[in-house]
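Numbering of the sequence shown is given in the numbering used here, commencing with residue 7 and proceeding in unit increments.
Structure record follows, encoded as structure tokens.
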Amino acid sequence: MLNSLALKGRPEDTRVVVAMSGGVDSSVVAALLKAARYDVVGVTLQLYDHGEAVHRKGACCAGQDVHDARNVAARIGIPHYVLDYEQRFKESVIDRFADAYVAGETPVPCVACNQSVKFHDLLKTAQDLGADALATGHYVESRRQDDGSFALYRALESDRDQSYFLFATTPEQLGYTRFPLGGMTKAETRAIAREHGLDVADKPDSQDICFVPSGRYTDVIERLKPNAAAPGEIVDLEGRVLGQHRGIIHFTIGQRRGLGIASAEPLYVVKLDADARRVIVGPRAALRTRRMRLRDVNWIGNGTLDNALANGPLDVHVRVRSTRPPAPAWLMQSGNVIEVELADGEDGVSPGQACVFYDSADGRARVLGGGFIAQTSAAQVRERTSAAALSVP
7 MLNSLALKGR PEDTRVVVAM SGGVDSSVVA ALLKAARYDV VGVTLQLYDH GEAVHRKGAC
67 CAGQDVHDAR NVAARIGIPH YVLDYEQRFK ESVIDRFADA YVAGETPVPC VACNQSVKFH
127 DLLKTAQDLG ADALATGHYV ESRRQDDGSF ALYRALESDR DQSYFLFATT PEQLGYTRFP
187 LGGMTKAETR AIAREHGLDV ADKPDSQDIC FVPSGRYTDV IERLKPNAAA PGEIVDLEGR
247 VLGQHRGIIH FTIGQRRGLG IASAEPLYVV KLDADARRVI VGPRAALRTR RMRLRDVNWI
307 GNGTLDNALA NGPLDVHVRV RSTRPPAPAW LMQSGNVIEV ELADGEDGVS PGQACVFYDS
367 ADGRARVLGG GFIAQTSAAQ VRERTSAAAL SVP
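Following this line, the structure appears as structure tokens:
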């Protein structure tokens with residue numbers, strides 16, 4: 007017999023470690039599981055130097071957040087542990103974040119954190135504590151399939167869906183992790199927090215880049231990489247020099263304002279050449295991306311990726327930003343190269359971003375996997391009526 011978490015045994019005999027960040031979401035997860043009589047253990051990871059973040063609105067996993075998590079655990083009556091993961095977080099997330107910007111990429115640190123810390127190190131800690139499962143406050147759903155495995159799906163509330171940041175989870179991690187909030191709205195979560203008398207019921211949501219106290223990511227990069235802001239040229243698509251810049255870390259693909267150059271028409275950053283320290287600008291039309299080559303691809307659909315692509319390009323829907331709905335595309339393979347071609351194209355796509363695959367555009371679509379964008383190009387648009395006619399050059 008399975009309990010409400012699809013685990014064998016009574017809740018009283020089922021230990022669940024809850025990743026408690028100090029926010030309302032993970033606090034509600036802990037409260038709900040405790041109320042359901044599970045053997046709940048709260049674990050909070052201190053991830054970065056919290057000196058500047060103690061009272062910063064929207065911080066997480068540091069300073070006041072650790073105290074909030076501890077207070078919630080005491081309120082609902084569960085044991086609570088704080089683990090110092092600061093060095094691990096710096097190496098796996100912050101340093102990689104800085105390196106990516108220096109290389110002219112736009113990284114997604116939340117993906118790196120989930121991939122290397124929360125669903126690797128913390129999961130191992132949960133297992134060491136004898137837990138049957140790890141539960142988090144992410145807004146995603148995992149559903150048991152006919153073969154007993156678990157699949158990942160978008161959350162009920164599209165505006166809260168966090169599946170974009172979890173594409174790198176493995177089938178084994180999905181089998182061990184539970185996401186109790188995937189079928190709830192944020193309003194419902196806050197209401198439950200109030201019902202349980204939790205002080206964090208109205209606490210603001212955490213920001214995407216939690217370890218940037220000032221909100222200016224360049225400050226972090228310049229502190230970690232003192233020589234990262236090397237000056238260089240701003241050039242047009244023909245290579246003509248239009249001006250000078252203070253470092254490519256101050257620019258992102260699609261940026262229009264703050265270029266520091268005069269032009270008769272609006273210009274946008276269309277490419278960053280880290281080796282030559284060049285910022286390439288052009289008209290808006292030059293931002294349109296049709297094709298992306300991916301690296302570090304993770305597949306969590308049925309079977310293997312090779313089998314899924316055995317008969318040619320696969321119709322999928324993809325997101326290259328967490329804030330946009332899935333768009334129609336084709337997933338293709340040539341040798342060891344994985345590419346995605348967007349049916350309608352997308353503006354401002356940058357290397358380093360994540361490209362996440364879904365089986366449809368539906369609000370509750372299944373996550374099939376994803377990868378990081380290594381290279382972009384403006385490939386010719388093809389009609390989406392015949393995926394079989396596509397070929398990978």
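Here a beta-carbon is modelled for each residue, glycine too, at the ideal position from N, C-alpha and C.
- Between the alpha carbons of valine 24 and alanine 360 lies a gap of roughly 27 angstroms.
- Burial of aspartate 71 is indicated by the presence of at least 16 other C-beta atoms within 10 angstroms of its C-beta.
- For aspartate 74, the enclosing alpha helix (DSSP H) has its first and last residue at 70-82.
- Annotation: the continuous alpha helix (DSSP H) that includes lysine 40 extends over 30-41.
- In this structure, the alpha-carbon of proline 319 lies about 41 angstroms from that of methionine 26.
- With distances taken between CA atoms, aspartate 138 lies nearest to Val22 out of Val373, Lys277, Val22, Ala12.
- With a cutoff of 8 angstroms on beta-carbon distance, arginine 149 and alanine 157 are scored as near each other.
- With at least 16 other beta carbons inside 10 angstroms of its own, alanine 335 counts as buried.
- Under the 10 Å beta carbon count, aspartate 31 is surrounded by 16 or more other beta carbons and is classified as buried.
- When only Cα atoms are considered, aspartate 105 and arginine 16 end up about 47 angstroms apart.
- Between aspartate 211 and isoleucine 344, the alpha-carbon positions lie close to 35 angstroms from each other.
- When Cβ pairs closer than 8 angstroms are counted between the two stretches, the stretch 305-315 is seen not to touch the stretch 252-271, the count staying below three.
- DSSP places serine 212 outside both helix and strand once states are collapsed to three, so it counts as coil.
- Residue state for proline 115 is assigned as helix, using DSSP reduced to three classes.
- Short of 6 angstroms from the beta carbon of glutamate 163, and not among the five residues preceding or following it, lie these beta carbons of its own chain, in chain order: Thr191.
- When the alpha-carbon of threonine 224 is set against those of Phe378, Tyr107, Gln381, the nearest one is in Tyr107.
- Pairwise C-beta distances place the stretch 357-372 in contact with the stretch 105-124, as three or more of them are shorter than 8 angstroms.
- In the structure shown, lysine 231 falls within a coil segment according to DSSP collapsed to helix, strand and coil.
- For phenylalanine 171, the three-state secondary structure derived from DSSP is helix.
- In the three-state scheme derived from DSSP, where H, G and I count as helix and E and B as strand, valine 206 is classed as coil.
- Taking all protein chains in view, the Cβ of glutamine 93 is surrounded by fewer than 16 other Cβ atoms within 10 Å, so the residue is classified as exposed.
- Looking at the DSSP output, tyrosine 159 sits in a beta bridge with Glu147, Arg372.
- Under the three-pair Cβ rule at 8 angstroms, the stretch 180-187 does not count as touching the stretch 78-90.
- Under DSSP, proline 334 shares a beta bridge with His323.
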